[in-house]
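What follows is a single structure, written as structure tokens, with notes after it.
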Amino acid sequence: MKLLKLSMNMLAILLFSITTISCAENKKSENAHHDTEMKSNDGHNHEHNEAASKENNSMNSEKMENSDIIGQDSKKSDLIVSTYLQLKNALVADDSKEAAVAAKDLFKVLKGFDITGFSKEDQKELMDIIEDASEHAEHISDSPIDHQREHFVTLSVDLVDLIAIVGSEKTLYQDFCPMANGNKGAIWLSEIKEIKNPYFGSKMLTCGSVQKEI
Amino acid sequence: MQFIPTNLNQSDVIPQEDIINYYKAPKEVAFLLKNSCYDCHSDNTDYQWFNKIKPIFWVMENHIKEGKEDLNFNEFASYSRRRQKSKLKSIISQIEKNEMPLKSYNLMHKSAILDDTDKTILIKWIEKLKDSI
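Going down the list, the sequences are from chains A and B.
Using this note's numbering, you'd call the opening residue of the first sequence number 838 and step up by one each time.
Using this note's numbering, you'd call the opening residue of the second sequence number 274 and step up by one each time.
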């Protein structure tokens, strides 16, 4: 409770000290975005089944086009990306409990990821990425926030590598903070252009910059 | 006849994939790893007298089970490059923060405690290894 109060106070001070109106507007839109994300999470099992049955239908259909296959592939990564973003946003909000919950979901989604349909080489790489990423997710689901953030460093690299193979329907921004990871620097993926730092949360919310768009 | 547990974590063979073998760790590094880490993070535990007292034995077995699941130095080189790098990063962090070896383990096994020199030796070698993989 004390920690929550402290972070809330710091967050309040931070917001107060930012004088531009656009910052407050951005916060509103972030909350709205968070709400939509939570709603979609309730339906996530249903969506997953739908996606699976859609995939079966297109496999049977003779009118299958290449673009359909690419579309299906990048749809597969959506669950991974969305649970990763939930985890990221929890860390941004200094919410260790929420991060643990998101990490548990991410673990399940990673373990359930279907790597068939990729080349042998890609499958091997994907297996390695998923093995590593799920270990990090597991640790994050059962650790204090400092430790969670440590594992998030490598998890984020795993995600970038995964998306390089599988693609992503959602536009993502690869952000970088030079002070994270013991000043060695660390990346993270974000669904918004605005910098919200998961490694420092309210302590240094806007520290970092966009490296590239994915 | 006293019942002796037959499923102790012991093995005579040190496989090729063992981190010390595979990466040719220097003597002082090998000693530190074996003395402070291998009881829980390998297939060969030096039980000493701990397995003679049931409650201590049970706690140890739990540590060994969890330790090996997370990291088994005997199998280290069989991990993917990615996983090896992740583990090495974690090891450095855990040593730096005195989170490993476990405090409870250090209590029972005083010689396993890593002093600053020990930590420097280990971390230096592990950093180098991590960058070279």
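Just so you know, even glycine gets a beta-carbon here, dropped at the ideal spot from N, CA and C.
Quick caveat: nothing in here was measured; it's all calculated off a predicted structure.
Residue i burial status per 10 Å Cβ neighbour count (16 or more: buried)
i, result
"A:M964", "exposed"
"B:T318", "buried"
"A:V918", "buried"
"A:S971", "buried"
"A:K925", "buried"
"B:R354", "exposed"
"B:P299", "exposed"
"B:D285", "exposed"
"A:T920", "buried"
"A:P981", "exposed"
"A:E962", "buried"
"B:K370", "exposed"
"B:N280", "exposed"
"A:P1035", "buried"
"A:N897", "With a pLDDT of only 45 at A:N897, under 50, the local geometry of the prediction cannot be trusted, and no value is derived from it."
"B:D404", "exposed"
"B:I406", "exposed"
Strand pairing of residue i, partner residues [DSSP]
i, result
"A:K1049", "A:Q1011"
"A:A1023", "A:C1014"
Nearest to residue i (by Cα), restricted to the options the options
i, options, result
"B:M381", "B:N282, B:M333, B:S351", "B:M333"
"A:S1046", "A:P1015, A:E962, A:I1000", "A:P1015"
"B:Q357", "B:Q367, B:F346, B:S366", "B:F346"
"B:H336", "B:K325, B:L375, B:R354, B:P299", "B:L375"
"B:I399", "B:N379, B:G340, B:I292, B:I386", "B:I292"
"A:H973", "B:K401, B:K362, B:L387", "B:K362"
"B:I394", "B:L306, B:Y296, B:N282", "B:L306"
"A:G1022", "A:T1008, A:I1000, A:D1012, A:G949", "A:D1012"
"B:Q283", "B:K327, B:I396, B:Y296, B:K338", "B:K338"
"B:I368", "B:N294, B:F349, B:D391, B:S351", "B:D391"
"A:L1042", "A:L928, A:L922, A:T991, A:L916", "A:L928"
"A:L947", "A:I1000, A:E935, A:D932", "A:I1000"
"A:L996", "A:H976, A:L1026, A:C1044, A:E958", "A:L1026"
"A:E935", "A:L1009, A:Y1010, A:D979, A:I1029", "A:D979"
"A:A940", "A:K957, A:H984, A:D951", "A:H984"
Straight-line Cα distance separating residue j from residue i
i, j, result
"A:V994", "A:H988", "10 Å"
"A:E1006", "A:S914", "8 Å"
"B:C313", "A:E1050", "44 Å"
"A:S945", "A:I967", "Going by the sequence as given, residue 945 of chain A is Lys instead of Ser. Computed Cα separation, rounded: 11 Å."
"A:T953", "A:Q960", "7 Å"
"A:R986", "B:S384", "32 Å"
"B:N308", "A:K1033", "44 Å"
"B:F330", "B:F323", "6 Å"
"A:A1017", "A:G1038", "11 Å"
"B:K360", "B:K325", "32 Å"
"B:K341", "B:A303", "18 Å"
"B:Q321", "B:E301", "22 Å"
"B:D389", "B:K401", "18 Å"
"B:L387", "B:S366", "14 Å"
"A:E1028", "A:Q923", "10 Å"
"B:S351", "B:Y296", "12 Å"
"A:D998", "B:K327", "47 Å"
"A:I992", "A:K1030", "Residue identity differs from the one stated: residue 992 of chain A is Leu in this sequence, not Ile. Answer to the nearest angstrom: the Cα atoms are 20 Å apart."
"A:D931", "A:G1004", "29 Å"
"A:S933", "A:Q1048", "26 Å"
"A:G949", "B:D316", "30 Å"
"B:N294", "B:I364", "18 Å"
"A:C1044", "B:I287", "47 Å"
"A:I975", "A:V990", "The identity of residue 975 of chain A in the sequence shown is Glu, whereas the question assumes Ile. Answer to the nearest angstrom: the Cα atoms are 14 Å apart."
"A:T1008", "A:L943", "19 Å"
Partners in chain A for residue i, counting only beta-carbon separations shorter than 9 Å
i, result
"B:K401", "Those within 9 Å of B:K401 in chain A number zero; the least Cβ separation is about 15 Å."
"B:S366", "H984, E987, G1019"
"B:S359", "D969, E972, H973, H988, T991, D995"
Contact set between residue i and chain A, taken where Cβ atoms lie within less than 7 Å
i, result
"B:K362", "T991"
"B:S351", "The contacting residues do not exist; B:S351 stays about 12 Å from chain A at best."
Listed by chain order, chain B residues near residue i by CB distance under 7 Å
i, result
"A:D979", "In chain order: nothing, as chain B lies at least about 11 Å away."
Amino acids of chain B, ordered along the chain, whose beta-carbon sits closer than 9 Å to that of residue i
i, result
"A:I967", "None at all; the shortest Cβ gap to chain B is about 10 Å."
Contacts that residue i makes with chain A (C-beta to C-beta distance below 8 Å)
i, result
"B:S405", "By Cβ distance, chain A contributes nothing, its closest Cβ being about 17 Å from B:S405, past 8 Å."
Test: residue i CB closer than 8 Å to a CB of chain C
i, result
"B:I364", "Looking at the structure shown, chain C is missing, and the protein chains on hand are A and B."
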